[in-house]
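These notes are about the structure you will find just below.
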C-alpha cells in the first residue's frame, strides 16, 4: 500500500516535470492538435445536435398540429427550447463521462508519435518512422481504449449498485469510481510506451499492474479535469499531452519496459 501511495504522488508530481520537459524540448506545437480536435468536436457536435433538435421539434410540432388540428406559436417555441435544453444537457453528460476516452481514441495518432518523440529525446535515439509499425501501434491504442471502456463500464455498474447502500455504499461508489477511472486513463497513457517496445497486451497489463499507483496518479489529474463545468473536456484534451509525456518519462526512467 505504501508503494502504491508513493507512486500515486509521484505520478502527480510528474506533471510538473513533463510540462517543463515539453517547454524545454520545444514540443509545445503538440498543443495545436487538441486545439484542432476541439474545433472539430465543437463543429460536429453543434451541427449534429442542432439538426437533431430541429428534426425532433418539427416532427413533434407536426404531430400535434395534425392530431389536434392547431398551430400554436407559443407551443412551437416551447418545444424548440425544451429540445434544445435536452440536447445541450445530453452533450454535457456525454463529454463528462466519455470525453476522456473520446480524446484518447481520436488523438491516438498524436499520442503515439508524442510518446515516441519523448522517448527519443530521453534516450538520445532517433527512431526511424515505419508506417506499418505506426498503424499497428495506433490500432492497439484504440483497442486498448475500447477494452478499458468495456471493463470500466462493467465495474461501474457494480459501483452504481453499491451506491444504493447508505453511507458505506456511497463511499465505496464514489471512491471506487474515482480510483477506477483514474487507473484506466493512466493505463492508456502508459501503454503507449509498452506498445512501442513491443510488449504484448498481457505483458503490458502485468507491468502496469505492478505500477498501479503510478497509473492512478497519472489518470487522476486528467480525470478531475473532466469535471470542470462546461470546459472540462477542452481542458483535459490539452492536459492529455502532458499526461502522455509524464507516463513516457516514468516508463523510460524506471526501465519497466
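Residue numbers (our numbering): 1044 to 1300.
Every residue gets a Cβ at the ideal spot worked out from N, C-alpha and C, and that includes glycine.
Would you grab the beta carbon distance between residue i and residue j for me? Rounded to a whole angstrom, and I think it's under 8 Å.
{"i": "residue 1169", "j": "residue 1279", "result": "No, residue 1169 and residue 1279 are not in contact; Cβ-Cβ is about 31 Å, not under 8 Å."}
{"i": "residue 1276", "j": "residue 1269", "result": "7 Å"}
{"i": "residue 1256", "j": "residue 1047", "result": "4 Å"}
{"i": "residue 1057", "j": "residue 1281", "result": "Contact doesn't hold; Cβ gap of about 17 Å is too wide."}
{"i": "residue 1238", "j": "residue 1184", "result": "7 Å"}
{"i": "residue 1219", "j": "residue 1051", "result": "Contact flag wrong, Cβ pair sits at about 16 Å."}
{"i": "residue 1248", "j": "residue 1233", "result": "Not quite, the Cβ-Cβ distance comes to about 11 Å (not below 8 Å), so this is no contact."}
{"i": "residue 1175", "j": "residue 1144", "result": "Contact doesn't hold; Cβ gap of about 26 Å is too wide."}
{"i": "residue 1295", "j": "residue 1236", "result": "7 Å"}
{"i": "residue 1216", "j": "residue 1188", "result": "Rounded, the Cβ-Cβ distance is 24 Å, inconsistent with contact."}
Out of the options, point me to the one whose CA is closest to residue i's CA.
{"i": "residue 1156", "options": "1143, 1166, 1178 and 1144", "result": "1178"}
{"i": "residue 1065", "options": "1293, 1288 and 1282", "result": "1288"}
{"i": "residue 1196", "options": "1223, 1206, 1075 and 1061", "result": "1223"}
{"i": "residue 1073", "options": "1144, 1201, 1152 and 1044", "result": "1152"}
{"i": "residue 1266", "options": "1233, 1253, 1227 and 1244", "result": "1227"}
{"i": "residue 1199", "options": "1209, 1225 and 1187", "result": "1225"}
{"i": "residue 1274", "options": "1245, 1078 and 1069", "result": "1078"}
{"i": "residue 1076", "options": "1216, 1258, 1150 and 1174", "result": "1150"}
{"i": "residue 1202", "options": "1192, 1191, 1221 and 1188", "result": "1221"}
{"i": "residue 1071", "options": "1241, 1284 and 1204", "result": "1284"}
{"i": "residue 1067", "options": "1165, 1253, 1081 and 1186", "result": "1165"}
{"i": "residue 1264", "options": "1271, 1194 and 1055", "result": "1055"}
{"i": "residue 1084", "options": "1148, 1210, 1045 and 1186", "result": "1148"}
{"i": "residue 1049", "options": "1258, 1210 and 1069", "result": "1258"}
How is residue i classed by DSSP in three states: helix, strand or coil?
{"i": "residue 1150", "result": "coil"}
{"i": "residue 1271", "result": "coil"}
{"i": "residue 1208", "result": "coil"}
{"i": "residue 1082", "result": "helix"}
{"i": "residue 1060", "result": "helix"}
{"i": "residue 1224", "result": "helix"}
{"i": "residue 1168", "result": "coil"}
{"i": "residue 1198", "result": "helix"}
{"i": "residue 1070", "result": "coil"}
{"i": "residue 1243", "result": "coil"}
{"i": "residue 1233", "result": "helix"}
{"i": "residue 1112", "result": "The predicted model places residue 1112 with a pLDDT of 49, which falls under 50 and marks its position as unreliable; any figure quoted below should be read in that light. In the structure shown, residue 1112 sits in coil (DSSP, three-state: anything other than H, G, I, E or B)."}
{"i": "residue 1299", "result": "At residue 1299, the pLDDT of 47 sits below 50, so the modelled position is not reliable and the matter cannot be decided from this model."}
{"i": "residue 1191", "result": "helix"}
Stretch-stretch touch, CB-based, cutoff 8 Å, three pairs: the stretch 1054 to 1071 with the stretch 1150 to 1166: yes
Unbroken stretches of the alpha helix (DSSP H), 4 residues or longer, contained in the stretch 1247 to 1297: 1255 to 1268 and 1275 to 1297
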